[in-house]
Amino acid sequence: MNNQVSMELLVSLCKRRGIIFQSSEPYGGIGGFWDYGPVGVELRNRIKSHWWRYMVQYRDDVVGLDTSIIAHPQTWVASGHVDSFSDPMVDCKQCKKRFRTDQIPDLEQCPACGGELTEPREFNLMFKTFVGPVQDDASVAYLRPETCQSIFTQFKNTMTTARKKPPFGIAQVGKSFRNEITPRNFIFRSREFEQMEMEFFCTAQESGRFYDYWVQERFNWFVNLGVRKENLRLRPHTADELAHYANGCTDVEYEFPFGWSELEGIADRGNYDLSQHAKVSGKDFSVVDDQTNEKYIPNVVESSVGVDRTLLTVLADAYREETVNGETRIVLKINPEIAPYQVAMFPLSKKLSEPAKKVEIALRKKFSIDFDAIGSIGKRYRRHDEVGTPFCVTYDFDSEEDHKVTVRSRDTMEQDRVSVDQLELYLEEKFKR
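38 is the number of the first residue of the sequence shown in my numbering; add one for each residue after it.
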């Protein structure tokens, strides 16, 4: 990876600049859960908005959906999660630590203390809860481990009300929960996360073509997001990796500081999902082919990407350390379209806060802005370099006379003197480039 950054540097930057905090920090934190700070939530929302525009709003063959986190328990019976969504685990009889069997070299000796390990046993990854006042077997439910199953169960309702027929897709952004045994690599693998998923419904004859299309389309989206192409790759799954129902699967991978890992999976799932829900629910999930007048259950091509992994990718890929006048400058060269703040407004002195605020308020209708009056101009530049703000605007004492402000570019550090009445147009032109 070019300009390699360590996870330690990223974690430190995220806390220092209000991007990501450890959940429940005053109590020592809770493993696998993270909170997004003022800067992080802005970046997170812009990534989701970017995905939604490209997957739904810019297309006429994909519609949106937003479903509940808890679904009917039979949903997870049909999908196979109740019976098989698990990892084989072993416990140390001495230190009581738990390990996944695929992460330790010796299934007889604890890697932590050398103690004796138990026999492997399956550990279901779904979070169990109860619906209603009585906690018994009849009220058991689960926090969803993925968002796609509710897309499948709402397929017919969505198709009818959206006036669509295959080929078309249904997209959703939402939280999922997996009781990961070993959450790791910061927000890469956590127990609560957010997914951006799209299920594209088509005939069996068309699924191969649409699978190839979506593989390339999703790779291109990351490049459009601003991720460097040389740090991305496509990795088709081998035959022994595929689920029994899948006709094909390809991962978009990124070279993280800890190595190449999956960012997104694109899979040709056949008609397994709709067939399973039809079987378990007893409801009809078939559609009628307008050409042949025959009934069929559509195949599905799935695109599934994590918001949190995408955000981690953006941070890692944008991170730079540069030497400026003998000092190290940390800067996030984030695509301006998704930068947490597009513009920062600096009054040179607190005495100038009022007129500077008027300029900032006028720009808020077009840009995401942070008003920063704390510390020297140099410190403010460094602060906003570290969160990826593309342009910083300084209102100084000369501004009172010439009605101009100084605009400084994050990437070039060049400064332009711009008339206040031309500032909006100037920034709009810069963002188009």
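We put the beta carbon where it would ideally sit given N, CA and C, even for glycine.
Subject >> Bounding residues of the beta strand (DSSP E) (the contiguous stretch that carries residue 300) >> reply: Following the DSSP letters along the chain, one finds residue 300 inside the beta strand (DSSP E) bounded by residues 296-305.
Original post:
Considering only the beta carbon of each residue, do residue 381 and residue 407 sit closer than 8 Å?
Top reply: Yes. Within cutoff.
Original post:
What are the partner residues of residue 263, as DSSP defines its beta bridges?
Top reply: None; residue 263 has no bridge partner.
Original post:
Going by other Cβ atoms of all chains shown within 10 Å of its Cβ, with 16 needed for buried, is residue 311 buried or exposed?
Top reply: Classification for residue 311: buried.
**OP:** Mark residue 170 as exposed unless 16 or more other C-beta atoms lie within 10 angstroms of its C-beta, in which case mark it buried.
**Re:** With fewer than 16 Cβ atoms within 10 Å of its Cβ, residue 170 is classed as exposed.
**OP:** Quick one: give me the first and last residue of the beta strand (DSSP E) that residue 329 is part of.
**Re:** Taken as a continuous stretch (DSSP letters only), residue 329 belongs to no beta strand (DSSP E), as it is neither H nor E.
Original post:
Based on Cα-Cα distance, which residue from 86, 68, 61, 65 lies nearest to residue 74?
Top reply: Of the candidates 86, 68, 61, 65, 61 places its Cα closest to the Cα of residue 74.
**OP:** For residue 128, count neighbouring Cβ atoms within 10 angstroms of its own Cβ and tell me buried if that reaches 16, exposed if not.
**Re:** Classification of residue 128: buried, given that the 10 Å Cβ count is 16 or more.
**OP:** Please determine, among 335, 462, 114, the residue with the shortest C-alpha to C-alpha distance to residue 402.
**Re:** Nearest of 335, 462, 114 to residue 402, Cα basis: 462.
Subject >> Sheet register partners of residue 165 (DSSP bridge) >> reply: DSSP output for residue 165 lists 179 as bridge partner(s).
**OP:** Would you grab the beta carbon distance between residue 234 and residue 299 for me? Rounded to a whole angstrom, and I think it's under 8 Å.
**Re:** Wrong, their Cβ atoms sit about 14 Å apart, outside the cutoff.
Original post:
What residues match up with residue 269 in a beta bridge as DSSP calls it?
Top reply: DSSP output for residue 269 lists 291 as bridge partner(s).
Original post:
Does the stretch 87-103 touch the stretch 194-211, meaning 3 or more C-beta pairs lie closer than 8 Å?
Top reply: Taking a cut-off of 8 Å for Cβ pairs, the stretch 194-211 and the stretch 87-103 touch, as three or more such pairs fall below it.
Original post:
For residue 320, does the count of other Cβ atoms within 10 angstroms reach 16, so buried, or fall short, so exposed?
Top reply: When all chains shown are included, residue 320 counts as exposed.
**OP:** Keeping to the same chain, check which residues put their C-beta closer than 7 Å to that of residue 322; ignore five residues upstream and five downstream.
**Re:** Setting aside the 5 residues that flank it on each side, residue 322 is surrounded in the same chain by 192, 193, 311, 314, 315, 334, each with a C-beta closer than 7 Å to its C-beta; the list follows chain order.
Subject >> CA-to-CA distance, residue 216 to residue 443, given in whole angstroms >> reply: Their Cα atoms are separated by approximately 51 Å.
Subject >> Beta-carbon proximity check, residue 351 vs residue 84, cutoff 8 Å >> reply: It is a contact, given that the beta carbons lie within the stated cut-off.
**OP:** Give me the Cα-Cα distance between residue 39 and residue 392, rounded to the nearest whole angstrom.
**Re:** Low confidence applies here, because residue 39 scores a pLDDT of 47, under 50, leaving its location unreliable; read the following figure in that light. So the two alpha carbons sit approximately 43 Å from each other.
**OP:** Helix, strand or coil for residue 154, going by three-state DSSP, please let me know.
**Re:** Strand at residue 154.
Original post:
Where does the unbroken alpha helix (DSSP H) through residue 193 begin, and where does it stop?
Top reply: Counted as a single uninterrupted DSSP element, the alpha helix (DSSP H) harbouring residue 193 occupies residues 192-198.
Original post:
So what's residue 278 in DSSP terms, helix, strand or just coil?
Top reply: Shown here, residue 278 sits in coil according to DSSP, grouped into three states, outside any helix or strand.
**OP:** Answer yes if the stretch 450-470 comes into contact with the stretch 428-437, meaning at least three C-beta pairs across the two stretches below 8 Å, and no otherwise.
**Re:** With the rule of 3 Cβ pairs closer than 8 Å, the stretch 428-437 counts as touching the stretch 450-470.
Original post:
Looking at C-beta atoms only, is the number of pairs between the stretch 366-374 and the stretch 409-425 that lie closer than 8 Å three or more?
Top reply: Output reads yes: the stretch 409-425 touches the stretch 366-374.
**OP:** Grab me the residues of residue 167's own chain with a C-beta within less than 7 Å of its C-beta, minus the 5 sequence neighbours each way, in chain order.
**Re:** Cβ neighbours of residue 167 beyond the five flanking positions: 176, 177, 178.
Subject >> residue 449 versus residue 291 - alpha carbon distance >> reply: Computed Cα separation, rounded: 27 Å.
Subject >> Beta-ladder partner(s) of residue 367, from DSSP >> reply: Answer by DSSP bridge pairing, in chain order: 358.
Original post:
residue 336 to residue 239, Cα distance in whole Å?
Top reply: One C-alpha to the other measures close to 5 Å.
Subject >> Beta-bridge pairing of residue 446 - partner residues as DSSP gives them >> reply: Answer is 428.
Subject >> Within 8 Å, strictly: CB atoms of residue 237 and residue 289 >> reply: Against a cut-off of 8 Å, the Cβ pair of residue 289 and residue 237 comes out as no contact.
Original post:
Secondary structure at residue 315, three-state DSSP: helix, strand or coil?
Top reply: Here residue 315 sits in helix by DSSP.
Subject >> Reference residue 174, options 180, 165, 70, closest by Cα >> reply: For residue 174, the closest of 180, 165, 70 by C-alpha to C-alpha distance is 165.
Subject >> Nearest residue (CA-CA) to residue 248, options 229, 181, 197, 302 >> reply: Shortest Cα-Cα distance from residue 248 to any of 229, 181, 197, 302 involves 302.
Original post:
If we ignore side chains and look at the alpha-carbon of each, how far apart do residue 64 and residue 318 end up?
Top reply: Their backbone Cα atoms lie some 44 Å apart in a straight line.
Subject >> Backbone CA spacing between residue 454 and residue 221 [nearest angstrom] >> reply: Rounded to the nearest angstrom, the two C-alpha atoms are 47 Å apart.
Subject >> Beta-carbon gap between residue 180 and residue 107 smaller than 8 Å >> reply: Residue 107 sits close to residue 180, with the two beta carbons spaced by under 8 Å.
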